[in-house]
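For reference, the structure discussed in these notes is given below.
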Amino acid sequence: MISATNYVAFTFFLGTMAMMAASVFFLVESQYTTSKWRLSILLSGLITLIAAVHYYYMRGYNLEINFMIRTGLLSPDEASASPTFFRYVDWLLTVPLMCVEFYLITKKAGSGKGLLWKLIVASLVMLITGYFGETAYRNQSVIWGVASACAYFYIVYLVWFGEVAQLANSSSPAVNQANKSLGWFVLAGWAIYPLGYVVGTPGGLFGIPARDLGIGGLNMDIVYNIGDAINKIGFGLVIYVLSRSDKD
Ligand SMILES: *C/C=C(C)/C=C/C=C(C)/C=C/C1=C(C)CCCC1(C)C
Numbered sequence: 186m187i188s189a190t191n192y193v194a195f196t197f198f199l200g201t202m203a204m205m206a207a208s209v210f211f212l213v214e215s216q217y218t219t220s221k222w223r224l225s226i227l228l229s230g231l232i233t234l235i236a237a238v239h240y241y242y243m244r245g246y247n248l249e250i251n252f253m254i255r256t257g258l259l260s261p262d263e264a265s266a267s268p269t270f271f272r273y274v275d276w277l278l279t280v281p282l283m284c285v286e287f288y289l290i291t292k293k294a295g296s297g298k299g300l301l302w303k304l305i306v307a308s309l310v311m312l313i314t315g316y317f318g319e320t321a322y323r324n325q326s327v328i329w330g331v332a333s334a335c336a337y338f339y340i341v342y343l344v345w346f347g348e349v350a351q352l353a354n355s356s357s358p359a360v361n362q363a364n365k366s367l368g369w370f371v372l373a374g375w376a377i378y379p380l381g382y383v384v385g386t387p388g389g390l391f392g393i394p395a396r397d398l399g400i401g402g403l404n405m406d407i408v409y410n411i412g413d414a415i416n417k418i419g420f421g422l423v424i425y426v427l428s429r430s431d432k433d
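Residue numbers 186 to 433, in our numbering, belong to the letters of the sequence shown in order.
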């Protein structure tokens, strides 16, 4: 049962519902999409579906941990309070798939496997270093966070100025517009995650703890949950709009 004051569990519950609804929408709509964009819409639905399943598990994890803490079976400790493992399994599956969306929309303009791999490898480096900073090497969370941010900025660079941007520029106006919108999600929407990391790890921002920055009241999981809802559903909607505006 979700207690009235467990806002973290409530956002996991909301996340499950939102991701499920988005999945039904994208998966059904993929059937009514021209063949050119069907795979991209299908992928949007798979991304939210994978997230829906992980959110269901994370919600359950949160409730069990809280029950164990309440009944004295477990002592409260910051590190085990979050379903970090499920969180990162979700991201390891969905973020590379979001990178595939960039490859698919620029495929007609000539994007190749090389670019696809650059995006996928950068996203994996970003996530694996972040996972280390949140788990085994929490005491070095700053350095792992910086490493993760380097990979993140490389993705931003590729999408805004690098190969992805150049390919989008030589595509149809609809594809170029979609790439710009996705670029904003990557630049602004994905920037929500480092904020969650800063409030959730001991190193804070370059060694300044979150509470000294005045954001100690934020909860890491709630920040991540907001980020996921905006980015996973938002990405899908951008692709959906593209599929309806660029038909031939
Ligand atoms: C659907 C899930 C998405 C789009 C997740 C994206 C996650 C990130 C962009 C995470 C980035 C991080 C940094 C840039 C530095 C600190 C560590 C991370 C992993 C939180």
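All C-beta atoms, glycine included, are put in the ideal place defined by N, C-alpha and C.
Practice task
Verify whether the separation of the beta carbon atoms of Val344 and Val310 is less than 8 Å.
Solution key: no
At a cut-off of 7 Å, is Pro387 close to ligand 1 when judged by its beta-carbon and the heavy atoms of the ligand? no
| Hey, Ser225 and Ile424: beta-carbon distance below 8 Å or not? | yes
Hey, out of Leu352, Gly245, Arg223, whose CA is closest to Gly200's CA?
Gly245
**Message:** Considering only the alpha carbon of each residue, which of Ile415, Gln325, Ile250, Lys292 lies closest to Lys221?
**Reply:** Lys292
Next item on the list: Enumerate in chain order the residues of its own chain whose CB-to-CB distance from Ala359 is below 6 Å, with the five nearest sequence positions on each side excluded.
Entry: Leu427, Ser430, Asp431
### Contact under 8 Å by Cβ, Asn247 with Val193
yes
Residues near Met283 in its chain [Cβ-Cβ closer than 6 Å; skip 5 each side]
Phe420
Distance cut-off 7 Å: Val280 Cβ against heavy atoms of ligand 1 = yes
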